[in-house]
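Everything below concerns the one structure shown next.
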């Protein structure tokens, strides 16, 4: 994996996080001219075939301005009320600005549980991917109207990183009121040194993180480093850059100062490593030799090749797949609940609708959610024809 920065236009899928202070002026409200310039940058990326997602802060900041709430910390119920008003205004602003370039915006409000609980994670991922497939730009924010202190991210840096890993993005751009990572908070230490490239997030790098620099921001460099750990571990590069100038993405392309965090591996490899090694299987599927051959050639697991289903699991849970010899050969995320899996095991995909009463997924485990973990039983005889999904 190269540790060299590449131009934005060379990435395939980009998540852009925008801080509240960039979008909202405490006295006058929405910074429309800045937003229009930002949307022009997004249109330029999309014209090159790049998928773009936006994680936009600003709902509470905009709502409190509309509601004329006083400066300073808000009570929980005040924040939730401000978010309820601000989310409408924020979504409308993004929709209007993107429509200048004939781009459709789609609002997605997430909570911590939507990204951490597997079933809700898969549903959110499917919705976002469908928006991208249909040519829309997802505008994502934490659902501050219902989120509480105990069940929230509390900042959009880490939410953006989770979204980036969720959709398999290869670049996360964090735009805020600081232009990158320094060896110490630059507003406190005039001798702080700027870091252009971060090959790996070490304990020393983590120690450089400071606090929030703006009253509109709930995050600081600490949350950006946390976001970097989430993103880079999953194979996603990250950039921290100032969003203060108009056309901030164009500024990055033209050499404006920013910090680039190198990815630790490809998104697919990192995600499948996570499936294989970090989740405990909730059940098992025993498959026949034909299905095993299909998996090793990179195909999905269809119901027809499943001989037995054991355990109690839900769609999205991790399950172990046992080959014809009875040994684990793979792990993956279940496409069906255990009871449904038992009903369709050994059946053709075309029969699923008649058995379950609805047209479900064709695959019991999709190849994108599957990783090979075991060798063939006959590899001891010298055969090495395993293909990892």
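Residue numbers (UniProt numbering): 1 to 389. Beta carbons are placed, not taken as given, at the ideal position from N, Cα and C, and that holds for glycine.
Beta-carbon proximity check, residue i vs residue j, cutoff 7 Å
i	j	result
residue 259	residue 180	yes
residue 90	residue 110	no
residue 227	residue 161	yes
residue 132	residue 41	no
residue 320	residue 307	no
residue 177	residue 21	yes
residue 55	residue 31	no
residue 353	residue 359	yes
residue 193	residue 202	no
residue 364	residue 303	yes
residue 295	residue 316	no
residue 231	residue 124	no
residue 465	residue 355	No answer is possible for residue 465: the residues shown for the chain start at 1 and end at 389.
residue 287	residue 311	no
residue 57	residue 86	no
residue 97	residue 45	no
residue 289	residue 324	yes
residue 224	residue 155	no
residue 108	residue 138	yes
residue 142	residue 122	no
Residue i in three-state terms, based on DSSP
i	result
residue 358	coil
residue 17	strand
residue 71	coil
residue 99	helix
residue 303	helix
residue 221	helix
residue 178	coil
residue 134	coil
residue 364	coil
residue 370	strand
residue 79	helix
residue 189	coil
residue 4	coil
residue 200	coil
residue 213	Its pLDDT being 42, under 50, residue 213 is placed unreliably by the model, and the measurement read from it follows with that caveat. Residue 213 falls in the coil class under three-state DSSP.
residue 117	coil
residue 106	strand
residue 160	helix
residue 238	strand
residue 170	coil
residue 146	coil
residue 141	strand
Closest by C-alpha distance to residue i, when choosing among the options
i	options	result
residue 272	257, 367 and 170	367
residue 11	68, 103, 143 and 173	173
residue 4	60, 102 and 200	200
residue 144	74, 193 and 34	74
residue 13	230, 236, 87 and 333	236
residue 283	241, 295 and 342	342
residue 59	293, 82, 68 and 322	82
residue 175	252, 78, 291 and 240	240
residue 120	252, 314 and 158	314
residue 318	371, 347 and 346	371
residue 129	347, 78, 15 and 44	15
residue 322	339, 301 and 101	301
residue 88	170, 67, 335 and 166	67
residue 24	49, 64 and 155	64
residue 337	348, 309, 48 and 204	309
residue 169	263, 117 and 127	263
residue 6	47, 252 and 80	252
residue 238	171, 297 and 80	171
residue 339	369, 285 and 299	285
residue 80	146, 249, 47 and 247	146
residue 196	257, 190 and 126	257
residue 369	243, 187 and 166	166
Assumed close pair residue i, residue j - CB separation to whole angstroms, cut-off 8 Å
i	j	result
residue 140	residue 8	About 19 Å; that fails the 8 Å criterion.
residue 374	residue 329	4 Å
residue 221	residue 209	4 Å
residue 105	residue 94	5 Å
residue 43	residue 103	6 Å
residue 39	residue 101	7 Å
The ligand ZN heavy atom lying under 6 Å from the CB of residue i
i	result
residue 337	Because no ligand of any kind appears in the structure shown, any question about the ligand ZN cannot be addressed here.
* Asked: What runs of the beta strand (DSSP E), each 3 residues or longer, lie entirely inside the region 27 to 71?
  -> 51 to 56
* **Every unbroken alpha helix (DSSP H) within the region 278 to 351, with a cutoff of 4 residues, ordered by chain** => 289 to 296 and 338 to 344
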